[in-house]
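These notes are about the structure you will find just below.
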Amino acid sequence: LKSLELKPDNPTAHMNLGEIYLNLRLYENAIYHTLKSLKIQPDNPSAYINLSSIYKKTNNIPKAIESINYAIKLDTKNADAHLLSGRISLETGNSTKAEESLLKSIELNDLLAESHRYLSITYCTRGRYEDSITCIEKAIAIDANCSENKEVEAILKGKIKGEKSETPNGPRPDSTRNQRLRFPIALKRPVEEGLVKSLSELEYLNLEKRNFPTKGNARTSD
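Here you go:
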């Protein structure tokens with residue numbers, strides 16, 4: 001705000017303020033300042049990426065798609081733009097477009113852990129579990145401290161184990177095929193013998209002292 005008082009027509013200041021408002025979930029303010037930035041500097045792909053993120057947060061998907069497509073038009077080699085395009089496509093159910101965009105993002109910048117993570121999720125929704133594991137392991141190799149990467153890995157491994165424990169031969173029932181499309185949750189799985197007895201014997205552990213993919217002040221069994 002101080003920067004805008006000194007230079008009210010500074011496009012970078014408006015864009016940065018828009019991003020701050022986005023993080024604060026003040027979306028109307030975020031849109032106003034991002035559009036103000038683009039009015040001053042209409043050829044800035046980063047501002048269009050931010051604008052797309054804001055529209056995505058407000059569930060205005062058509063505007064989000066329009067904005068990210070324009071960002072890519074301005075800078076076809078912007079890995080972040082292709083990443084966001086992939087995320088939007090994945091969340092709107094277009095896994096083919098999501099895969100294409102995320103692969104392009106990785107081609108441009110192989111060190112974006114988020115691109116590998118969302119590609120992993122995309123592969124999972126298409127039943128390509130081994131490819132999905134490979135991608136999430138790459139994401140973890142890039143950013144080992146990201147709890148979201150570890151959470152996705154744990155979910156994927158559990159899902160693959162559940163798939164293998166179900167009908168070994170012949171076609172799976174329709175309910176199983178439908179579950180595959182709804183990443184990442186599996187609602188049914190057989191209970192292993194002795195599970196209840198094993199759980200009753202476990203002691204609680206402080207998660208702050210363990211490398212578990214959890215957040216907050218929580219306690220759980222091993």
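According to our numbering, the residues represented by the sequence shown are 1 to 222, in order.
Yeah, the Cβ is synthetic: ideal placement off N, Cα and C, and Gly gets one too.
When the options are compared against residue i, the one with the closest alpha-carbon
i, options, result
"Thr92", "Glu153, Thr122, Tyr32", "Thr122"
"Glu114", "Gly86, Asn94, Cys124", "Gly86"
"Ser95", "Asp75, Arg126, Lys73, Thr76", "Arg126"
"His33", "Pro42, Pro11, Lys161, Asp43", "Pro11"
"Ile20", "Lys77, Leu51, Cys135", "Leu51"
"Leu24", "Asp9, Gln41, Lys57, Ile40", "Lys57"
"Gly158", "Asn59, Cys146, Cys124", "Cys124"
"Ile40", "Asp9, Lys63, Glu28", "Asp9"
Expected contact under 8 Å - CB spacing of residue i and residue j to nearest Å
i, j, result
"Leu103", "Leu119", "7 Å"
"Leu111", "Ile133", "Between Ile133 and Leu111 the Cβ distance is about 20 Å, and since that is not below 8 Å, they are no contact."
"Ile54", "Leu22", "5 Å"
"Ile61", "Ile88", "7 Å"
Residue i vs residue j beta-carbon contact at 7 Å
i, j, result
"His116", "Lys97", "no"
"Ala79", "Asn44", "no"
"Glu153", "Ile136", "yes"
"Ile68", "Leu84", "yes"
"Leu38", "Ala30", "no"
"Ile160", "Tyr129", "yes"
C-alpha gap between residue i and residue j, whole angstroms
i, j, result
"Asp131", "Glu148", "18 Å"
"Glu65", "Ala71", "The identity of residue 65 in the sequence shown is Ile, whereas the question assumes Glu. Computed Cα separation, rounded: 10 Å."
"Asn16", "Leu35", "12 Å"
"Leu74", "Ala81", "10 Å"
"His14", "Glu100", "32 Å"
"Thr76", "Val196", "55 Å"
"Glu192", "Ser198", "10 Å"
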